[in-house]
Amino acid sequence: DLSEDEIMDDYGVASSSDEELLPIERAARKQKMEGQDISEDDSEDETPPSKQRVEQEKEKDTDLKLNMEAEECFVLPSGQEIEKEAAQPPDLQLVHQRIKDNMEVLQDFSSKREKGRSRQEYLSLLHQDLAAYYSYSDFLIGKMTELFPLSELVEFLEANEVSRPVTLRTNTLKTRRRDLAQALINRGVNLDPLGKWSKTGLVVYDSSVPIGATPEYLAGHYMLQGASSLLPVMSLAPQENERVLDMCCAPGGKTSYIAQLMKNTGVILANDSNAERLHSVVGNLHRLGVTNTVVSHCDGRQFPKVLGGFDRVLLDAPCSGTGVISKDPTVKTNKDEKDILRCAHLQKELILSAIDSVNATSETGGYIVYCTCSVMVEENEWVVDYALKKRNVRLVPTGLDFGKEGFTRFRERRFHPSLKSTRRFYPHTHNMDGFFVAKLKKFSNAIPKPQKDEVPSEELTTQAVKDGSAPAPTEPSPKKKKGPESKANQQPASKQELSAAVAGRKETKGELNANKKKKLLIASKQSNFQKKSRLLNAAWPSPGGLTAKSTPRKKGRVQR
1 DLSEDEIMDD
11 YGVASSSDEE
21 LLPIERAARK
31 QKMEGQDISE
41 DDSEDETPPS
51 KQRVEQEKEK
61 DTDLKLNMEA
71 EECFVLPSGQ
81 EIEKEAAQPP
91 DLQLVHQRIK
101 DNMEVLQDFS
111 SKREKGRSRQ
121 EYLSLLHQDL
131 AAYYSYSDFL
141 IGKMTELFPL
151 SELVEFLEAN
161 EVSRPVTLRT
171 NTLKTRRRDL
181 AQALINRGVN
191 LDPLGKWSKT
201 GLVVYDSSVP
211 IGATPEYLAG
221 HYMLQGASSL
231 LPVMSLAPQE
241 NERVLDMCCA
251 PGGKTSYIAQ
261 LMKNTGVILA
271 NDSNAERLHS
281 VVGNLHRLGV
291 TNTVVSHCDG
301 RQFPKVLGGF
311 DRVLLDAPCS
321 GTGVISKDPT
331 VKTNKDEKDI
341 LRCAHLQKEL
351 ILSAIDSVNA
361 TSETGGYIVY
371 CTCSVMVEEN
381 EWVVDYALKK
391 RNVRLVPTGL
401 DFGKEGFTRF
411 RERRFHPSLK
421 STRRFYPHTH
431 NMDGFFVAKL
441 KKFSNAIPKP
451 QKDEVPSEEL
461 TTQAVKDGSA
471 PAPTEPSPKK
481 KKGPESKANQ
491 QPASKQELSA
501 AVAGRKETKG
511 ELNANKKKKL
521 LIASKQSNFQ
531 KKSRLLNAAW
541 PSPGGLTAKS
551 TPRKKGRVQR
C-alpha cells in the first residue's frame, strides 16, 4: 500500500481531488504556476523591451489621437447637401446633433473651426438649423440670437417647448393661504408655496380634480394666475384709499390683486379697449368679492382727456407675446418686424397717456408701472427710454428682489443708465413666462416742450393747430402782378413734360392741348379762390387786434 505522501502529486494535491477538477480549472491552475515561474526568472534577469516595440506603441497612440480629433472636428455641409436636406423631410436627430456640434465649434472657434470657413457660415447654418428644429421663423430666430448669447439661446428655446407650472393666487379678501392649501390638499391637489417672494401664490403640481372648477374656485377663494403677472402689482404697491387706474385690465387678474392689496378701499378704475374681454373682468370681480372697482370701456390713448389725477397707474401694454410662446406657439411663425414696430408705436402712445393720467403732486403716489409679456427690446427698454425723454419722469427701483437687469445698451442703441433698475424675467432662468417690469415716478405735471432737433417745425405747428393752442396760419395775400403767377402756372407743365420725356412716353398734340385747357381752368379757379381769401382776410381781424386789411395795403405800397 502507498502512503499518503506518495499519493500526492507535484502540485500538492491528491490525485483523487485533481480528477474532480474541470479541464478549465486545471488549465487555469497550470497557467498560474507557469506565470509564477516566469516572474521568478524575470526577477533574476530583467531584459528591457526592444526599441521597435516602443516605436510601434507610440505610433498606435498617435493614430488613436488623430482618429479622435477627426471624429471631434465638425465639418460644415456643402451647398448640395443642404439643398438635398431642404427637398426632403427634416431629420430631427441629425439637425439636433449638428446644432450641438456647431455650438461647440462657435464656443472655441479659433481651435475647432474648419480651415477656410468663416464664423458667419457657422452662424448662418446654426440659424437655419434652429429655425427648422424648433419651428421658428427666420426673423424671430434672428431676434433671439441678438438677445441671448449662444449658450443661453438653446436653453431659452427649450424652455419655450415646456409649459409653465400651474399657479394660483389666494384671495385674501375671503380666505388665508394656509386654509386654502389645506382645503385643496384634502381634495387631492398636490401643491406647494410659490416662493419666498410671494405671500399669496401657490404652485400646483398635479390634481385629481379640475383646478378651475372646485367649490373653492367658484366661491372666489383663489384666482388662476401666472406667476409673472403677480410681479407688476407687487411693484406698483398700491396703498389703501388711493385712486388707481388699470389701463389695460382684461381679464381682471391684476385688478383683483390690486383690490386685494387695497383691502377693498379707495377706487380702482379698470379700463380696457376691448368690450368683449370686459365680460370676463366683470365676472371675475364679482366672484372674488371686489367692491371698489369701476369698469370702463375707453381707448387708453384718449384717457387723460376723459379722466386724470390718479395716484398710481398700471399699464400692462398689448405686446407681441414673445415671452409666452409656451402658451401660444403660433407666435413662432406669425410675427414679423412690422408687428413688433406696430406694437412698439402703440406702447409709446399708451405710456405717455398713462403718465399724463397720474397726479405728480399725490402725497402717497405718482407712480406708473409699465410691463409687457414680451422679451423684445423694441417693446421694453426702447419704450421706457422714449418716455424718459418726452415726460417729466424718472425710473425708480421696482422693489423686486430677483430678475435680470434691463439693457442700457443693445447693439448700436444706447439707453438711459437708469434702465438698470428695470427687471427682466425669462422662462429658462425663473421658470415663469418672459416678462418685463419698469417703475416710473412722475415729478412734475408739466409736459416738456419738444426740442427743435427732435421734431420739425412743421409738425409742431400742425400739432398746435390740432390741439387748439395756436391759430391756423393764414396764407399771405397774393401779388397783383401777373408775371410771376403766369410763370408759376407754367412751371408744373415743364416738370410734366420732363417726366414724360424721361419715362419715354410721347404725348400727342391733342393731349397737350387738353392738358393746357385743364391748367388754365385750374389757374382761373386758383385766382378766384385767392380773391375770396383776400376779401376774408380784409374782413376778419387778426389775433393781434389789428385787421388783416391794413397790413397787406402797407406791404403793397412798400413793394410798389
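Taking full-length UniProt numbering, the leading residue of the sequence shown gets 1, the next gets one more, and so forth.
The C-beta atom is built at its ideal place from N, Cα and C for all residues, glycine as well.
Looking at the DSSP output, Cys371 bridges to Asp316 and Val437.
Inter-segment contact for the region 177-184 and the region 196-209 is present: three or more beta-carbon pairs are separated by less than 8 Å.
A distance below 6 Å between beta-carbons, with the five flanking residues on each side excluded, links Lys404 to the following residues of its chain, in chain order: Arg424.
Beta-bridge partners assigned by DSSP to Phe310: Val358. A Cβ-Cβ distance of about 34 Å is found for the pair Leu123 and Leu400, leaving them out of contact under the 8 Å criterion.
Cβ-Cβ separation between Thr408 and Ser374: approximately 19 Å, too far for a contact (criterion under 8 Å). Taken through DSSP and simplified to helix, strand or coil, Tyr222 comes out as strand.
In chain order, Gln260 and Gly289 place their CB closer than 6 Å to the CB of Leu173, counting only its own chain and leaving out the 5 sequence neighbours on each side.
When Ser256, Ala250, Asp246 and Leu278 are compared, the shortest CA-CA separation from Leu307 is found for Asp246.
Taking the Cα positions, Asn102 is about 25 Å away from Phe410. Cβ-Cβ separation between Ile268 and Val233: approximately 11 Å, too far for a contact (criterion under 8 Å). Of the candidates Glu378, Cys371, Met376 and Gly366, the residue whose Cα lies closest to the Cα of Arg394 is Gly366. Annotation: the continuous alpha helix (DSSP H) that includes Val384 extends over Glu381 to Lys390. DSSP places Ile268 in the strand class (E or B) of the three-state scheme. Three or more beta-carbon pairs drawn from the region 426-437 and the region 222-229 are found closer than 8 Å, and the two stretches are therefore classed as touching. Under DSSP, Pro193 shares a beta bridge with Leu202. For Asp179, the uninterrupted alpha helix (DSSP H) run begins and ends at Arg177 to Asn186, by DSSP. Taking the Cβ atoms as the reference, Ser353 lies roughly 12 Å from Phe310, outside the contact range of under 8 Å.
Assigned with DSSP and collapsed to three states, Asp246 falls in strand. Counting only residues of its own chain and dropping the five nearest sequence neighbours on each side, Leu147 has no CB closer than 6 Å to any other CB. Judged by DSSP in its simplified three-state form, His297 adopts strand. Boundaries of the beta strand (DSSP E) around Phe425: Arg423 to Phe425. In the three-state reduction of the DSSP assignment, Leu288 falls in the helix class, which pools H, G and I. Secondary structure note for Thr170: its beta strand (DSSP E) is the uninterrupted segment Val166 to Thr170.
Between Ser326 and Pro427, the beta carbon gap of about 7 Å places them in contact (Cβ cut-off 8 Å). Between Ser444 and Ala360, the C-beta spacing is below 8 Å. Contact between the region 368-385 and the region 342-351 is present, with at least three C-beta pairs closer than 8 Å. Put simply, the backbone Cα of Leu285 is about 12 Å away from that of His221. For Leu94, the enclosing alpha helix (DSSP H) covers residues Leu92 to Gln107. Restricting attention to His297, Ser273, Thr372 and Tyr134, the CA atom closest to the CA of Ala317 is found in Thr372. For Arg119, the uninterrupted alpha helix (DSSP H) run begins and ends at Arg119 to Tyr134, by DSSP.
Residues of the same chain with a CB within less than 6 Å of the CB of Thr398, apart from the 5 flanking positions on each side, are Ser235, Arg423, Val437 and Lys439 in chain order. Its chain contains Leu147, Phe407, Phe410 and Arg413 as the residues whose beta carbon lies nearer than 8 Å to that of Val377, once the 5 sequence neighbours on both sides are disregarded; these appear in chain order. Using a Cβ-Cβ distance cut-off of 8 Å, the region 207-219 and the region 331-350 are not in contact, since fewer than three pairs of beta carbons, one from each stretch, lie closer than that value. For the pair Ile82 and Gln88, the Cα-to-Cα distance works out to about 10 Å. Where Val233 is concerned, the enclosing alpha helix (DSSP H) starts and stops at Leu231 to Leu236.
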